[in-house]
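Since the structure comes first, as structure tokens, the remarks are kept for the end.
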Amino acid sequence: DNKTCTLEVITNDYTSSSIFPYTAEKQHSEPLANIFISTSRIKDLVSIYKINILQRLIPGLNKPGYEETRTNNTSSNTQSGRREPQPASDDPLRIPTSQPPRFRPPIFDDPYG
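In full-length UniProt numbering, the protein residues as written are 1 to 113.
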């Protein structure tokens, strides 16, 4: 699957320009976390990343602590007929319990093979 997702972020919406340039002197006086405007803006950025990147590249991700965020545009995706591709039932990379192929691998140096 050759999926490509992009996300455009205006850094001034999430960061405080007064801390830049972040030099070694500032490192001792101000923690790097202070570059963000607020913790709610960090959460907004993470949420946008999850919706626009993670959920599109890895639909149905099942990891402890991860929950998919529902958006209002999910109904528009179903109305337009777009569906996520279903994995092939015989794909051994997606189904670890499937049997390996039952053919003899080629032996290139075998004169009788």
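Think of the CB as a built atom: it goes at the ideal place given N, C-alpha and C, for glycine as much as any other residue.
Just so we're clear, the structure is a prediction, and the values are computed from it rather than from any experiment.
Whole angstroms are fine: how far does the CA of residue j sit from the CA of residue i?
i	j	result
GLU25	GLN55	39 Å
CYS5	TYR14	21 Å
LYS50	ASN62	13 Å
residue 128	SER29	Given that the chain is displayed from residue 1 to residue 113, the structure contains no residue 128 and the question cannot be resolved.
LEU57	THR11	23 Å
residue 121	VAL9	The structure shown does not extend to residue 121, since the chain is modelled only from 1 through 113, so no value can be given for it.
ASP47	GLY60	The residue you asked about is not Asp; residue 47 is Ser in the sequence shown. Roughly 16 Å between the two C-alpha positions.
GLN27	ILE35	11 Å
PHE20	THR39	18 Å
Output needed for residue i: all residues of its chain with C-beta closer than 7 Å, excluding positions within five of it in sequence on either side, in chain order.
i	result
ALA33	none
So residue i packs on residue j, CB below 8 Å; how close in whole Å?
i	j	result
SER16	ILE37	6 Å
Beta-carbon within less than 8 Å of residue i's beta-carbon, same chain only, minus the 5 sequence neighbours each way: which residues are those?
i	result
ASP44	TYR14
Suppose the cutoff is 6 Å on Cβ atoms and the five residues either side in sequence are ignored; what does the same chain contact list for residue i look like?
i	result
ILE53	CYS5 and LEU7
ARG41	TYR14
Every unbroken alpha helix (DSSP H) inside the UniProt domain "PI31 proteasome regulator N-terminal" (1-63) [4 residues or more]: 24-29 and 39-49
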